[in-house]
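Start counting the sequence shown at 1; every next residue gets the next number (UniProt numbering).
Here the structure comes first, spelled out in structure tokens, and everything after it is commentary.
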Amino acid sequence: MSTPNAGPEPLAAAASRPLTGRIRVPGDKSISHRALMFGALALGETAIEGLLEGEDVLGTASAMRAFGASVTRTGAGAWRVSGVGVGGLLEPEGVIDYGNAGTGVRLAMGLAGSHAFATTFTGDASLCRRPMGRVLDPLRRMGVQVLARSRDRLPLTIKGPSVPLPIEYRVPVPSAQVKSAVLLAALNTPGVTTVIEPVMTRDHTERMLKAFGAAIEIETGEDGARIIRLEGQRDLKPQPIVVPGDPSSAAFPMVAALIVPGSDVTIENVLLNPMRTGLIETLIEMGGDITIENRRDVGGETVGDIRVRSSRLKGVVVPPERAPSMIDEYPVLAVAAAHAEGRTVMEGLGELRVKESDRIAAVAAGLAANGVAVEEGPESLTVTGPTAKLGGGTVKTHLDHRIAMSFLVLGLSSEVAVAVDDAGPIATSFPEFRTLMTALGASFGAPETGA
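Here's what the structure looks like:
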């Protein structure tokens, strides 16, 4: 794993032999963050299996300890959380450093915001550049005070009111993080807090709230918007949680198997929540040979094994309304599009401008550096493939784990090796990436060797 003081870790990927085998990717990052947080708020012990042990989630484990919960690792992916109860969080003694974890810090702001004490959050250079205003705006309406650097960036300090105010909040831009932060704050707020989603986003928070016994109701309004009501200051009951494989991590071996000739890969135990399967739907539309096997229910979520075989892909238009179900997967989709006949048009990508990096710009620059025809719009990417000679470039990752992994996947089917300037950030979400991909047959090495 990378450390804050470690230097860049350049890495290159070269043309690979066919990728074959069965693998399991680490636990879902979104569910892992929430499992630790709800465990910290429940009265009693929550057992978690399959927790993602990447740096982002480990940051949440440390934060929950700082808030007074007991968080213990009992084995590989196995954790125990002894919670302090709703309203029982303690004021942290020091600054909470969330590293690169945008999801973790935004949810933790909601968690802490309804408590009458001060919490100071910071992060790495990348996270400190990312805007926090969309989360802070509804929290301010609930009575939270915010002392921040310019434009609501980290580091910042929040202080909860003595009595937080329930609000009705219509989420202006589709964001599971904003919705979840408000709901987490609502848990310790008297009365009923209402969140209205004009466009549905991933619903892991609502599912987990129900499992832990929260007083939550969900309905669809006359305009089709999703209305979530939560009654605050009710106890949560600890629950055993089994975290399924992360579909955002599964995206990398999935695309790699599609574009490396002769490949046949099965990724076991992947979360198939309908708000997380946009990439699978898109790749199938592009002609990808993808089948779901052993579909089953685990802890209220659908999981299954995804079998992927190399395929001839064609360009498609990805509708903007699909973006919430695949927002993290667009970088690696662009890699698939570089191998597809014709143009692939991706629209409605404005959210990508404020991720770990400006992912629209980073993807466009990385593709262009490797000979791929790409057009960048304010909220769109258009990729035309395939190119006569693919590869040979070095990609700036901007401390973004998904940019690093996406372009290493590109290198696996390129005529010339593709290098990334820093593979270190991969540890934030998928520390096993290189090991698992190598086991399938991928070829990684130092950029100067191209092997």
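Cβ atoms here follow ideal geometry from the backbone N, Cα and C, with glycine treated the same way.
| query | result |
| --- | --- |
| Under DSSP, the alpha helix (DSSP H) around residue 438 begins and ends at which residues? | 433-440 |
| Whose C-beta lies closer than 6 Å to the C-beta of residue 165 among residues of the same chain, with five residues either side of it excluded? | 142 and 143 |
| Restricting to Cα atoms, I'd like to know which of 311, 301 and 408 is closest to residue 287. | 311 |
| Out of curiosity, what's the CA-to-CA distance linking residue 254 and residue 267? | 8 Å |
| When the Cα of residue 261 is compared with those of 371, 277, 445 and 336, which residue comes out closest? | 336 |
| Secondary structure at residue 396, three-state DSSP: helix, strand or coil? | coil |
| If we require 3 or more residues per run, which beta strand (DSSP E) segments fall completely within the stretch 235-272? | 264-271 |
| Among the residues of its own chain, which have a CB less than 7 Å from the CB of residue 20, if the five just before and after it don't count? | 263, 264, 265, 440 and 441 |
| What span of residues does the beta strand (DSSP E) with residue 147 cover, start to end? | 145-149 |
| For a quick check, are the C-beta atoms of residue 122 and residue 97 less than 7 Å apart? | yes |
| Leaving aside the five residues before and after residue 364 along the sequence, list all residues of the same chain whose C-beta is less than 6 Å from its C-beta, in chain order. | 374 and 376 |
| What does the alpha-carbon distance come out to for the pair residue 259 and residue 404? | 17 Å |
| Does DSSP put residue 51 in a helix, a strand or coil? | coil |
| Going by beta carbon distance, what residues of the same chain come within less than 7 Å of residue 354, once the five residues before and after it are set aside? | 130 and 131 |
| Is it true that the stretch 64-71 meets the stretch 12-28, where meeting means three or more beta-carbon pairs spaced less than 8 Å apart? | no |
| If you count every other CB in all the chains shown that lies within 10 Å of the CB of residue 454, and 16 or more means buried, which is it? | The structure shown does not extend to residue 454, since the chain spans only 1 to 451, so no value can be given for it. |
| Determine the burial state of residue 247: buried for a count of at least 16 other Cβ atoms within 10 Å of its Cβ, exposed for fewer. | buried |
| Looking only at DSSP bridge pairs, what is residue 169 linked to? | 195 |
| Expressed to the nearest angstrom, what Euclidean distance is found between the alpha-carbon atoms of residue 352 and residue 402? | 11 Å |
| Please work out which residues of its chain come closer than 6 Å, Cβ to Cβ, to residue 5, disregarding the five sequence neighbours upstream and downstream, and give them in chain order. | In this prediction, residue 5 scores a pLDDT of 48, lower than 50, which makes its location untrustworthy; the coordinate-derived value is nonetheless stated afterwards. So the list is empty, once near-sequence residues are dropped. |
| What are the boundary residues of the beta strand (DSSP E) that includes residue 220? | 215-220 |
| Should residue 513 be labelled buried (16 or more other beta-carbon atoms within 10 Å of its own) or exposed? | No information on residue 513 is available, as it lies outside the stretch 1 to 451 that the chain covers here. |
| Within the same chain, show all residues whose beta-carbon is closer than 6 Å to that of residue 231, passing over the 5 residues directly before and after it, in chain order. | 192 and 215 |
| Which of the three DSSP states is assigned to residue 212 in this structure? | coil |
| Starting from the C-beta of residue 48, find all residues in its chain whose C-beta is less than 6 Å away, skip the five residues before and the five after it, and write them out in chain order. | 35, 79 and 241 |
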